[in-house]
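A.B. asks:
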Amino acid sequence: MKPEDVGLSKNLQFFKPTGAVNGTPRVTYTTIYQCDQFSLCIFFLPETAVIPLHNHPEMTVFSKLLLGKMHIKSYDWVEPKDSIRPSKCEISIFFQVSKPDSFIHLDVIIIGLFFSLVVAVRLARLKANSVYTAPCNTSVLYPTTGGNIHQFTAVTPCAVLDVLGPPYSKEDDRDCSYYKDFPYSAFSNEGETTRVSEEEREGLGWLEEIEAPENAVMDRIDYLGPQIIENY
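Taking this note's numbering, I'd label the letters of the sequence shown as residues 1188 to 1419.
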């Protein structure tokens, strides 16, 4: 499939960086076709735009980069699920209070506040961490393999076609979840680290499920390209 097949051009308005969220341009998408079995969508990313790290529960997804250059980072879970662990992080917060006094010009009190934060993370294996340039091969992810959890970052303005089967559905327990990734060393004790080779450590990471980040919000537009005709 080529960009022309769906009416795409690099000069389209939604490739321009408008509606930035915290300095990151917003992503635009359109749905070409959707039914109970699958959905066919195109995502338009201005330069530096990001589709944050997210999953595709019980779904198979075909992705085709139609335009531009994109960095893709993806993970699969390491089974079994007992790789989930609550990890304790010691966090220190320091702040200053200034107190003027008639006898003392400035009295600065530095207070250190220490507390522990428990973070639930799960071990994942890095499947891709590369830049792709259109035209390139179609990629396929599956429910448990192929990089089911992925993030897209636009190196240049780009467009990617996704075929998702079955599509996302809250009613069918296929809602989208978002994640923050950490290096393997962040939540691994010294004994575990020594049992895993340096090469293996580079291919592992911890994922924490998070609320949908601000840059997960996308702008939707109507699809005006060639239509899909159903034949029964």
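Backbone N, C-alpha and C define an ideal beta-carbon position, used for all residues, glycine too. Quick caveat: nothing in here was measured; it's all calculated off a predicted structure.
Use the C-beta contact count for Thr1215: other C-beta atoms within 10 angstroms, 16 or more gives buried, fewer gives exposed.
C.D. replies: Here residue 1215 is taken as the residue at index 28 of the sequence shown, counted from 1. Buried.
A.B. asks: To which residues of the same chain is Ile1219 closer than 6 Å at the C-beta, ignoring the five residues directly before and after it?
C.D. replies: If you number the sequence shown from 1, residue 1219 lands on position 32. Excluding residues within five positions, the ones whose Cβ falls inside 6 Å are Leu1227 and Tyr1410.
A.B. asks: Can you grab the Cα-Cα spacing for the pair Gly1412 / Leu1253, in whole Å?
C.D. replies: What you label residue 1412 is simply residue 225 of the sequence shown in a count that begins at 1. What you label residue 1253 is simply residue 66 of the sequence shown in a count that begins at 1. So the alpha carbons of these two residues sit roughly 14 Å apart.
A.B. asks: Count the other C-beta atoms from every protein chain shown that fall within 10 angstroms of the C-beta of Val1284, then say buried if there are 16 or more, exposed otherwise.
C.D. replies: Start at 1 with the first residue of the sequence shown, and residue 1284 comes out as number 97. Because the pLDDT of Val1284 is 47, which lies under 50, any placement of that residue in the model is unreliable, and the number read from its coordinates should be weighed accordingly. Per the 10 Å Cβ criterion, exposed.
A.B. asks: Kindly identify the DSSP beta-bridge partner or partners of Thr1215.
C.D. replies: Here residue 1215 corresponds to residue number 28 of the sequence shown, with the count starting at 1. Its beta-bridge partners are Phe1231 and Asp1406.
A.B. asks: Where Ser1261 and Gln1224 are concerned, what is the direct C-alpha to C-alpha distance, given to the nearest angstrom?
C.D. replies: One-based indexing of the sequence shown puts residue 1261 at position 74. One-based indexing of the sequence shown puts residue 1224 at position 37. Roughly 24 Å separates the two Cα atoms.
A.B. asks: In angstroms with no decimal places, state the Cα-to-Cα distance between Asp1349 and His1243.
C.D. replies: Here residue 1349 is taken as the residue at index 162 of the sequence shown, counted from 1. Here residue 1243 is taken as the residue at index 56 of the sequence shown, counted from 1. Using only the alpha carbons, I get a separation of about 12 Å.
A.B. asks: Taking the beta strand (DSSP E) that Glu1395 belongs to, which residues open and close that run?
C.D. replies: The sequence position of residue 1395 within the sequence shown is 208, counting from 1. That run of the beta strand (DSSP E) goes Leu1391 to Ile1397.
A.B. asks: Identify which residue in Gln1414, Lys1251, Leu1351 and Met1405 has its Cα closest to the Cα of Tyr1319.
C.D. replies: As a working mapping, residue 1319 is identified with position 132 in the sequence shown. The shortest Cα separation from Tyr1319 among Gln1414, Lys1251, Leu1351 and Met1405 belongs to Lys1251.
A.B. asks: Going by alpha carbons, who is nearest to Leu1394 out of Thr1247, Pro1330, Tyr1365 and Pro1212?
C.D. replies: If you number the sequence shown from 1, residue 1394 lands on position 207. Of Thr1247, Pro1330, Tyr1365 and Pro1212, the residue nearest in Cα terms is Tyr1365.
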